[in-house]
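Asks: The structure under discussion is supplied below as structure tokens; questions concerning it will follow.
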Amino acid sequence: MSSENPSANHTAPTATTLIHRPRRLRRTATLRRMVQETTLTVDDLIYPMFVMEGEEQKMEISSMPGCYRYTLDLLLEEIAEVWRLGVGGVALFPVIPEVKKDDVGSESYNPEGLVQRTVKAIKEAVPGILVITDIALDPFTTHGHDGIVDENGVILNDPTVEVLVKMALSQAAAGSDMVAPSDMMDGRVGAIRKALDSEGYIDVRILAYSAKYASAYYGPFRDALDSAPKFGDKKTYQMDGANAREAIKEVALDIAEGADIVMVKPALAYLDIIRQVKDYTQLPVAAYNVSGEYAMIKAAAQMGWIDEKRVILETLTSMKRAGADLILTYFAKEVALILVNRRAFLF
Ligand code: PBG
1 MSSENPSANH TAPTATTLIH RPRRLRRTAT LRRMVQETTL TVDDLIYPMF
51 VMEGEEQKME ISSMPGCYRY TLDLLLEEIA EVWRLGVGGV ALFPVIPEVK
101 KDDVGSESYN PEGLVQRTVK AIKEAVPGIL VITDIALDPF TTHGHDGIVD
151 ENGVILNDPT VEVLVKMALS QAAAGSDMVA PSDMMDGRVG AIRKALDSEG
201 YIDVRILAYS AKYASAYYGP FRDALDSAPK FGDKKTYQMD GANAREAIKE
251 VALDIAEGAD IVMVKPALAY LDIIRQVKDY TQLPVAAYNV SGEYAMIKAA
301 AQMGWIDEKR VILETLTSMK RAGADLILTY FAKEVALILV NRRAFLF
């Protein structure tokens, strides 16, 4: 029925008075491809990856099937492979051994720390790929919070920002292309920009996690890093999922403080926020397709309840349609493999 033979367009005359027939443009695959409004490409994708100490090991994350913690040697192999497939950037998250954690996350700015060594090694092995490093204390603190905590359990803003600045400088010194504060402390983008500039790192970009919500969708990520908070929750710094205007307020502040790209996180339950942020700013907008969103698709696919590839493409396309210019996704490699032989896809 989808023939492009002109005679297939003709049926016997009828008495219809219907002028508009939107279905005309849906009749053939070629035409559908031509009128498609949003196209997902590998250029849109950033691959979040987990790195751990050791050699020649990769450990699957049980709540994220197909996603691994890699030792540096194997991480480099994986990065070389995704780079060949066209993925332009990786976002690094370190698994820090308990013995290196403390109350204030001092390992985060160790010049010889895991992240710093990893950045150097990637820049030597695959210089072209964009390396994005996370700025937040949670992988480095014994309590699992993103900031410094006082004796009453209060997360202290300004002392935390001082540590985040040290962390950003040490990552920049290691060769990070872009730092990504995911901590949600007030004023950290401005403090980091100022410090980077005064140390001569004027070209290190800031990808700001501007509208980051206190979300239950982060569960599998915290399994991956062993970083779940030991007490309380993150609601005094991450945003309330019911709020939209507040997202614009956070985005406006981060832009004023010098962010190069602003991000909305999570993505799937916040598509409306992505659209509002897109309409608000001329900066590129990123969306983080987070661990719980990945896990839901994987679980349903493993049960045989959904068509995994089509659901992945449909989901990521919805984020792009909502306004995301960039998508951080654990599906990056899978999508690159799907798209590599196709000029376009039709789900
Ligand atoms: C922590 C951080 C989190 C994620 C990225 N950076 C978790 C959190 O805020 O608790 C979550 C990513 C994901 O779920 O995929 N600063």
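Reading the sequence shown from the start, the letters are residues 1 to 347 in the numbering used here.
Every residue, glycine too, gets a C-beta built ideally from N, C-alpha and C.
Just so we're clear, the structure is a prediction, and the values are computed from it rather than from any experiment.
So Ala-208 and Pro-181 are in contact, right, with Cβ under 8 Å, and what is the actual spacing, rounded?
Replies: Position 208 of the sequence shown, counted from the start, is the residue given in the question as residue 208. Position 181 of the sequence shown, counted from the start, is the residue given in the question as residue 181. Correct: roughly 6 Å between the Cβ atoms.
Asks: For a minimum of 3 consecutive residues, which ranges assigned as the beta strand (DSSP E) are wholly contained in the stretch 81–148?
Replies: 89–94 and 130–135
Asks: Does the separation of the CB atoms of Val-51 and Pro-97 fall below 9 Å?
Replies: Your numbering for residue 51 matches position 51 in the sequence shown. Your numbering for residue 97 matches position 97 in the sequence shown. For Val-51 and Pro-97, no; Cβs fall outside 9 Å.
Asks: Could you tell me which of Gln-36, Ile-46, Ser-62 and Ala-12 sits nearest to Pro-220, measuring between CA atoms?
Replies: Taking the first residue of the sequence shown as 1, we reach residue 220 at position 220. Cα-wise, what sits closest to Pro-220 is Ser-62.
Asks: So, at 7 Å on beta carbons, what are the nonlocal neighbours of Gly-105 in its own chain, with the 5 sequence-adjacent residues on each side left out?
Replies: Taking the first residue of the sequence shown as 1, we reach residue 105 at position 105. The residues are Leu-137, Phe-140, Thr-141 and Val-163.
Asks: Pick from Thr-315, Ala-172 and Val-161: whose alpha carbon is nearest that of Met-296?
Replies: Here residue 296 corresponds to residue number 296 of the sequence shown, with the count starting at 1. For the residues Thr-315, Ala-172 and Val-161, the minimum Cα distance to Met-296 belongs to Thr-315.
Asks: Would you mind stating whether Leu-196 and Ala-168 have Cβ atoms separated by less than 9 Å?
Replies: Taking the sequence shown and counting its residues from 1, the one referred to as residue 196 is at position 196. Taking the sequence shown and counting its residues from 1, the one referred to as residue 168 is at position 168. One thing to note: Leu-196 has its Cβ within 9 Å of the Cβ of Ala-168.
Asks: Does Arg-310 come out as helix, strand or coil in the three-state DSSP assignment?
Replies: Start at 1 with the first residue of the sequence shown, and residue 310 comes out as number 310. If DSSP states are grouped into helix, strand and coil, Arg-310 belongs with the helices.
Asks: Do Ile-135 and Val-179 have their C-beta atoms closer together than 9 Å?
Replies: As a first step, residue 135 must be located in the sequence shown, where it is residue number 135. As a first step, residue 179 must be located in the sequence shown, where it is residue number 179. Result yes, Cβ atoms of Ile-135 and Val-179 sit closer than 9 Å.
Asks: Evaluate Phe-231 with the Cβ neighbour count: other Cβ atoms within 10 Å of its Cβ, from every protein chain shown; 16 or more gives buried, anything less gives exposed.
Replies: Within the sequence shown, numbered from 1, the residue matching residue 231 stands at position 231. So Phe-231 ends up on the exposed side.
Asks: What does the Cβ neighbour count give for Arg-84, buried or exposed, with the cut at 16 atoms within 10 Å?
Replies: As a working mapping, residue 84 is identified with position 84 in the sequence shown. Its Cβ having fewer than 16 others within 10 Å, Arg-84 is exposed.
Asks: Beta-carbon within less than 6 Å of Leu-156's beta-carbon, same chain only, minus the 5 sequence neighbours each way: which residues are those?
Replies: As a position in the sequence shown, residue 156 is number 156, starting the count at 1. Residues of the same chain with a CB within less than 6 Å of the CB of Leu-156, apart from the 5 flanking positions on each side, are Ile-148 and Asp-150 in chain order.
Asks: Opposite Phe-50 in the DSSP bridges: which residues?
Replies: As a first step, residue 50 must be located in the sequence shown, where it is residue number 50. In the DSSP assignment, Phe-50 forms a beta bridge with Arg-69 and Phe-93.
Asks: Quick one: what does DSSP say Glu-60 is sitting in, helix, strand or coil?
Replies: Counting from 1 along the sequence shown, the entry for residue 60 is found at position 60. Residue state, collapsed to three classes: strand.
Asks: Does the distance between the C-beta of Gly-292 and the nearest non-hydrogen atom of ligand 1 fall short of 8 Å?
Replies: Here the question's residue 292 lines up with position 292 in the sequence shown. Distances from the CB of Gly-292 to the heavy atoms of ligand 1 include at least one below 8 Å.
Asks: Should Tyr-68 be counted as a contact of ligand 1 given a C-beta to heavy atom distance under 8 Å?
Replies: Here residue 68 refers to the residue found at position 68 when the sequence shown is read from its first residue. No, the beta carbon of Tyr-68 sits no closer than 8 Å to any heavy atom of ligand 1.
Asks: For Glu-60, decide whether its Cβ has a neighbour in chain B, counting only Cβ atoms nearer than 9 Å.
Replies: Absent from the structure is chain B; it holds one protein chain and no more.
Asks: Buried or exposed: where does Asn-9 fall if 16 or more other Cβ atoms within 10 Å of its Cβ makes it buried?
Replies: In the sequence shown, residue 9 corresponds to position 9, counting from 1. Answer is exposed; the Cβ neighbour count stays below 16.
Asks: Between which residues of its own chain and Thr-281 is the CB-CB distance below 7 Å, once the five residues before and five after are set aside?
Replies: Working through the sequence shown from its first residue, we reach residue 281 at position 281. Here the set comprises Val-251, Ile-255 and Val-262.
Asks: Are the stretch 326–340 and the stretch 283–296 touching by the rule of at least three beta carbon pairs closer than 8 Å?
Replies: Yes, they touch.
Asks: For Pro-13, count neighbouring C-beta atoms within 10 Å of its own C-beta (all shown protein chains included) and say buried if the count is 16 or more, exposed if not.
Replies: The residue given as residue 13 occupies position 13 in the sequence shown. Pro-13 counts as exposed, since fewer than 16 other C-beta atoms from the protein chains shown sit within 10 angstroms of its C-beta.
Asks: What separation, rounded to the nearest whole angstrom, lies between the Cα atoms of Gly-86 and Asp-44?
Replies: Sequence index remark: in the sequence shown, residue 86 carries index 86 (1-based). Sequence index remark: in the sequence shown, residue 44 carries index 44 (1-based). Cα to Cα, Gly-86 sits roughly 10 Å from Asp-44.
Asks: What three-state label does DSSP hand Thr-317 in the structure shown?
Replies: Translated into positions along the sequence shown, residue 317 becomes position 317. In this structure, Thr-317 counts as helix in the three-state DSSP scheme.
Asks: Look up Ile-297 in the DSSP assignment and say whether it is helix, strand or coil.
Replies: For this step, residue 297 is matched to residue 297 along the sequence shown. Correct three-state label for Ile-297: helix.
Asks: Is the Cβ-Cβ distance between Asp-233 and Asp-183 less than 9 Å?
Replies: Taking the sequence shown and counting its residues from 1, the one referred to as residue 233 is at position 233. Taking the sequence shown and counting its residues from 1, the one referred to as residue 183 is at position 183. No.
Asks: Which term fits Ser-198, buried or exposed, when burial requires 16 or more other beta carbons within 10 angstroms of its beta carbon?
Replies: Within the sequence shown, residue 198 is the residue found at index 198, counting from 1. That one is exposed.
Asks: In angstroms, rounded to a whole number, what distance separates the CA positions of Lys-298 and Ile-248?
Replies: As a first step, residue 298 is located in the sequence shown; it is residue number 298 there, counting from the start. As a first step, residue 248 is located in the sequence shown; it is residue number 248 there, counting from the start. About 32 Å.
Asks: Between the beta-carbon of Lys-309 and the beta-carbon of Ile-338, is there less than 9 Å?
Replies: One-based indexing of the sequence shown puts residue 309 at position 309. One-based indexing of the sequence shown puts residue 338 at position 338. Taking 9 Å as the Cβ cut-off, Lys-309 and Ile-338 qualify as a contacting pair.
Asks: Could you pull the start and end residues of the alpha helix (DSSP H) that Leu-169 belongs to?
Replies: Position 169 of the sequence shown, counted from the start, is the residue given in the question as residue 169. Here the alpha helix (DSSP H) through Leu-169 covers 157–174.
Asks: Using only the alpha-carbon positions, how far apart do Leu-25 and Arg-33 sit?
Replies: To locate residue 25, count along the sequence shown from 1; it is residue 25. To locate residue 33, count along the sequence shown from 1; it is residue 33. C-alpha separation (whole angstroms): 10 Å.
Asks: Between Glu-60 and Asp-73, how many whole angstroms is the CB-CB distance? I'm expecting something under 8 Å.
Replies: Translated into positions along the sequence shown, residue 60 becomes position 60. Translated into positions along the sequence shown, residue 73 becomes position 73. Wrong, their Cβ atoms sit about 17 Å apart, outside the cutoff.
Asks: Nearest-angstrom Cα distance between Gly-214 and Thr-28?
Replies: For the purposes of this step, residue 214 is identified with residue 214 of the sequence shown, where counting begins at 1. For the purposes of this step, residue 28 is identified with residue 28 of the sequence shown, where counting begins at 1. Going by the sequence as given, residue 214 is Ala instead of Gly. Roughly 44 Å between the two C-alpha positions.
Asks: In or out: Ala-259 buried (at least 16 other Cβ within 10 Å) or exposed?
Replies: Mapped onto the sequence shown, residue 259 falls at position 259. Per the 10 Å Cβ criterion, buried.
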